[in-house]
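Chains G and U, in that order, give the protein sequences.
Position in the first sequence (from 1) plus 45 gives the number in the numbering used here.
Position in the second sequence (from 1) plus 955 gives the number in the numbering used here.
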Amino acid sequence: MRSEAVAPPGTSGKVILVGNPNVGKSVVFGYLTGRYVTVSNYPGTTVEITRGDARERDGSVEVIDTPGVYSLLPMSEDEKVTRDILMAETGARIIQVCDAKNMRRSLMITIQLAEMEVPLILAVNMADEAMARGVMPRVDELEKKIGIPAIPTVAVTKKGVDRLMSLSERSKPPSLRISYGEKIDSAIAQLEQLIPDTAPIGKRALALMLLCGDDSLTPWLAGNVRGDSIKEMNAIRNLMVEEMGEDIAYRVNQMRLQWIDSLLGGLGEEPAESRGTDWPQAFGRLAMDPLYGLPILLAVLFLAYEFVGVLGAKFLVDLLEGGLFGKGIVPAAVWVTERALPWPLARDFLVGPYGMISMALSYAIAIVLPIVGTFFLGFGILEDSGYLPRLAVMVDRVFKRIGCNGKAVLPMILGLGCDTMATLTTRILETRKERIIVTLLLALGIPCSAQLGVILGMLGKVGAAATTAWLVILIGVILAVGYLASKVIPGESSDFILEIPPIRMPLLGNLVVKTMARIEWYLREAVPLFILGTFLLFVADRFGWLLLLQKAAEPIVVGVLDLPPKTAEAFLIGFLRRDYGAAGLFDMARAGLLTNLQVLVSLVTITLFIPCLANFLVIVKEHGYKVAAGMAIFIFPFAILVGALVNFAARKAGIAF
Amino acid sequence: MTEYGHDEILELIWTLREENRSTKPRLLECSEEEGPELLLDELAAAGHVEVTGDDLRLTRTGDERARGIIRRHRLAEVLLQNLFDLDPTQTESSACKFEHILTTPVTESVCTFLGHPPVCPHGRPIPRGACCDRIRTEIQPMVTRLSDAALGEIVRIVFITPKSRKRLEKLSSLGIVPGSRLRLLQRNPSYVLQIGETTVAVDRDITDEIYVKRT
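Dropping the structure here:
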C-alpha cells in the first residue's frame, strides 16, 4: 500500500507537460492556460517550472510546464528540474508533447514515463512539419501498439490541442513495459523488492535509475530507504557493473531504441505532402556553412544594428525624448506644477533636475523603452527563426578557449536582451564551471538591451572609430577574463552536443505577444528602480551629499579616468542599473559635457559594471552569496581599472577619437 | 601442437630474414619452442624451408604461409595497440594467439577496418593481402571514423568508443547508438550530423569516437 503522503495517480488535479526540448510544450501550455510563457525556436527556452490554471476547467486543474529533457535520467540542471517535479507531483497526469518528426526520441521518454506508472497521453506535435517531410507516423496505429492515447497536434495553429484536456482526464497509467534482457531485468526485479511502497513513482523506473547510477537520487534515497537496503542495492548494481561495465545507462537506452525502431518500422507513415524546395532549411544549412556562415552572421548583426541602433536608438528616441517629452510632457508638467504646486520642493521633486517626470520617466520611457522595445522585437525574430543555435555552431571553437563550448553563446546572446534572465538560462550548461564562467562574463561584459541601446546612441554620435574601439575592448575583456576564469575556476567543461532546430518563419502572433510580455516585464522591473535611483539622487542633491560624493569620488573619476566630477552620479546610479547610469551619461554627452575620449572611457567603465541589482540577486540565487560577492568585488574595481587603462593608453598614443 | 610450432618457426625465419640474419644457429638461439631443430626438419621435409649448411630459405609455399602468419600478427598489434590503446605488454601475447586463429575473411575484414595499415606499431612492414590490392579502386576503408566519413553520405554506426560514460549516455538519448543511420553534414566550423529529422552539432573528438560503415 502507498502511504497517505503519496496521492494515487491522476487524482491531484494537476497536469504536467513533459517532452524533448523544443517540441512546443510552452505553446501547449499557453493554449491550455491562456498564460504566456516565453516560446522560442531553440532548445532550453524553459529552464524553470511554470504553473498556470487550465482555462477549460475553471481553474480547478493546474497545468505545469517543464524544461525539455532528452532523458529522465538527468544530465543537466534543467533536466533535473523536470525529473524532480515528476517525483514531487505524485497524482498528476502527464501530457507528453512529442515531435512528430522525431518519434524515435520522443518514445524514449514515453517508455520512461510508462515505467513511472503515471497516467499518460501523447500530443504528437508539429504534425504539419512531419507531413511535409513525409515522416508522419500513423498515430492511430501507434496508439494501438503502445496502449497510450495519442493525438496529432499542431500547437502553434491550435490544431488538436483542444482535445488534450478531456483525453488526459480519461488517461490511465500505461501498461507498456519493455524487456532489457535477462540480466538487467532480473537486477530490476531484485531492486524493486528493496524499494519501499511509498515510492512516489513506479518502482521499475526507480530501479532503472538506480541501476544506471543516477547520483541525483541520493537525497531521496537518504530520506526514504533504510541503510541496509541501500547496501544491498549497491551490491546488485556492482554485480551488474562487473558483468556489463559502467555504461548500463547506455545499454538501457540502446535496448529502448531497438524496441522503438522495430515498433516504428512496423508502423508505416502517412503519405508525404508534396512540396517544393525547402528554402528555410537551405538557409539553415548556409547559416552554419564555413564559407557563408560568417557573411550571414555579419548581415544579421548589421540588420540588428540598423533596427535597434538606428530605428530604435536614434529615430524613436528623438521622437519620444526630443518630441514627446522634451516639447510636450515635460514643459506641460512644468506649466502645471508651477501653477498647482506652491512648494518649490515638490516642484523640483517632479520636474527639477532630478525630478520624477523630468528624469526618471523621461529616461525610462523616452530613452530606454524605444531601444528595449525594438531590441526585444528583433531578438524575438532571431529566436523564433531558429538562427541562434546555428550561431553556437559558428563560435564553438572560440568558446572552447574560454572553458565553455558553443552552447554558452545562447545565454550570452540572451544577455544582450537581459542579463538577469540570461543568468537563469545558464542552467542549460552542463557543468558548474561553465555556469560560473558564463554568469561572470554576463555580469561583466554583456550589455543588456537597454544599456546597449543607450551606448550605441552615444557612440553613434562620436563616430565609427570609438564604436569599434568600444567593441574591441569589450570582446578583448570578455575573452581575456573568460580565458583566465577557465584556468582559475576548478571543474570540467562539457561536451558540445547541441540540437539544431529547423529554420522556421516567425509567427507574427507569437512575436507580438512575446515582445509585449518582455516590455511589460521591463516596465515592471526597471521603472521602479529608475524611480528609486532618481529619488536617491534627489535626496542626495537636496542635502548636498551629491557634491560630497563627487568630491569623494574625484580621485578616481577625475584623477584616474579624467572624467568630469558629475560622472560620479551616473556611476552611482549605475550600481542600481547599468542602463540608468548609461542614460545619465547620454544626457551629459548631449549637453556637451564629455569629450569623445571621455565618452569612450565612461562607457567602457559602466559597461563592465554589474548590470543591475536584480542581476546580482539572481547570481546570489543561482550560485550563493559567496560567488556573487566574489564577482562583485572583482567586477567594480576591474571595470574602473580597464577604464583607466583605456584613458591612459589613448592619451599616451594621442588618440582623441 | 606441431602446427603451432611450425607457425612459430616460420614466423621467426621471416623476422630474421628482415634483419638479414636468417641462419640456422641464430634461429635455434632465438626460438622459444621446444625442440626447434626437429620442427625445422619437419618443415624442410614438408617443403616449406630449404636448409643449405647454416643458411635458411623459405620456399614459395613456406613464404606464403609465413606471410599470412606475420600479417595476422602485425594487424592484431595495430588493432590492439593503436585502436584499443592497450598496453604493448598485454597485446603481444594476444597478437601471438591471433596469428594462429584468424581465418582469411576475418583477417581481411580487420585489415580493411584498419584502413590497410602498411606497418605494425614497431614500424615493421605488414605483408599485403588480397584486400589491400583492391584499395586502388576502392579508396575508403570499410569502417571509418565518422569524422572521416564522406559529407552527405548515409552511414551506419558500427561502434562507439567514448571517453566518458556521460557522453555515451547523452549520445544515446539523442538516438546515436550502434545500428543508427546518420549523415555528416559539415566539418567546419563545427561537426554537424543529421540523424532522422534531427540535426545535431557536436565536437570533433566525439565524431572521432564514432565508427561508421558505408551503407
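For glycine and all other residues, C-beta sits at the position ideal for the given N, C-alpha and C.
Using three-state DSSP, classify residue i as helix, strand or coil.
| i | result |
| --- | --- |
| Gly-64/G | strand |
| Ala-1156/U | strand |
| Gly-97/G | strand |
| Arg-1100/U | strand |
| Ile-601/G | helix |
| Tyr-337/G | coil |
| Cys-1075/U | coil |
| Glu-974/U | coil |
| Lys-1118/U | coil |
| Leu-606/G | coil |
| Cys-916/U | As displayed, chain U neither begins before 956 nor continues past 1170, which places residue 916/U out of reach and without an answer. |
| Met-46/G | Reliability fails at Met-46/G, whose pLDDT of 36 lies under 50, so the model's placement of it is uncertain and the value that follows must be treated cautiously. It is coil, neither helix nor strand. |
| Thr-1007/U | strand |
| Cys-1087/U | helix |
| Leu-568/G | helix |
| Val-1113/U | strand |
| Tyr-1166/U | strand |
| Glu-107/G | strand |
| Ile-1150/U | strand |
Tell me which same chain residues have a C-beta within less than 7 Å of the C-beta of residue i, skipping the five on either side of it?
| i | result |
| --- | --- |
| Asp-1163/U | Arg-1100, Ser-1102 |
| Ile-412/G | Val-362, Glu-366, Val-499, Ala-628, Phe-631 |
| Ala-437/G | Gly-451, Lys-452, Val-454, Leu-455, Leu-543 |
| Ser-1145/U | Ala-1156 |
| Asp-173/G | Val-199 |
| Asp-123/G | Gly-89, Val-92, Pro-112, Arg-472, Ile-473 |
Alpha carbon to alpha carbon, how far is residue j from residue i? Give it in angstroms, no decimals.
| i | j | result |
| --- | --- | --- |
| Thr-1170/U | Ser-1135/U | 11 Å |
| Glu-214/G | Arg-138/G | 8 Å |
| Asp-45/G | Trp-265/G | Outside the modelled stretch of chain G, which goes from 46 to 702, sits residue 45/G, for which no answer is possible. |
| Pro-164/G | Ile-564/G | 38 Å |
| Gly-637/G | Pro-609/G | 11 Å |
| Gly-1023/U | Glu-963/U | 12 Å |
| Gly-1070/U | Leu-1030/U | 11 Å |
| Gln-1141/U | Gly-521/G | 29 Å |
| Asn-67/G | Ser-85/G | 8 Å |
| Val-297/G | Met-289/G | 11 Å |
| Thr-1067/U | Glu-1019/U | 20 Å |
| Thr-1046/U | Leu-251/G | 41 Å |
| Lys-979/U | Glu-1005/U | 11 Å |
| Thr-1154/U | Gly-192/G | 30 Å |
| Pro-1043/U | Leu-1126/U | 31 Å |
| Ser-116/G | Gly-368/G | 55 Å |
| Thr-1059/U | Phe-541/G | 41 Å |
| Val-63/G | Arg-282/G | 29 Å |
Who are the near neighbours of residue i in its chain, counting only those whose CB is closer than 8 Å to its CB and skipping five residues on each side?
| i | result |
| --- | --- |
| Gly-578/G | Ala-405, Ile-618, Leu-621, Arg-622, Tyr-625 |
| Pro-316/G | Gly-179 |
| Lys-478/G | Gly-448, Ser-531, Ile-534, Pro-535, Gly-536, Glu-537, Ser-538 |
| Leu-302/G | Arg-149, Met-153 |
| Gly-431/G | Asn-86, Tyr-87, Gly-329, Ile-545, Pro-546, Pro-547, Ile-548, Arg-549 |
| Lys-1118/U | Asp-1160, Glu-1164 |
Going by the beta-carbon positions, is the gap between residue i and residue j smaller than 7 Å?
| i | j | result |
| --- | --- | --- |
| Val-60/G | Val-108/G | yes |
| Val-399/G | Leu-582/G | Checking the sequence, you will find Tyr at residue 399/G rather than Val. In this structure, Leu-582/G lies closer than 7 Å to Tyr-399/G by Cβ. |
| Ala-378/G | Ile-402/G | yes |
| His-1003/U | Thr-1016/U | yes |
| Arg-183/G | Leu-308/G | no |
| Arg-96/G | Gly-79/G | no |
| Ile-491/G | Gly-462/G | no |
| Leu-653/G | Leu-489/G | yes |
| Tyr-295/G | Leu-1123/U | yes |
Grab me the residues of residue i's own chain with a C-beta within less than 6 Å of its C-beta, minus the 5 sequence neighbours each way, in chain order.
| i | result |
| --- | --- |
| Ile-166/G | Ile-140, Pro-194, Leu-212, Ser-213, Ser-216 |
| Ser-647/G | Leu-608, Thr-612, Leu-630 |
Alpha helix (DSSP H) runs contained entirely in the stretch 454-493 of chain G, provided each spans 4 or more residues: Qualifying alpha helix (DSSP H) stretches, in chain order: 454-462, 464-470, 477-490.
Quick one: which unbroken alpha helix (DSSP H) runs of 4-plus residues sit fully inside the stretch 497-542 of chain G? Chain order, please. 509-533
Complete alpha helix (DSSP H) runs within the stretch 419-455 of chain G (minimum length 4 residues, chain order): 433-446
In chain order, which alpha helix (DSSP H) runs of at least 4 residues are fully inside the stretch 303-384 of chain G? 324-331, 338-349
Beta strand (DSSP E) segments (min. 3 residues) lying fully within the stretch 150-229 of chain G: DSSP runs (the beta strand (DSSP E)) wholly in the stretch 150-229 of chain G: 165-170, 195-197.
In chain order, each beta strand (DSSP E) run of at least 3 residues that lies wholly inside the stretch 611-663 of chain G: none
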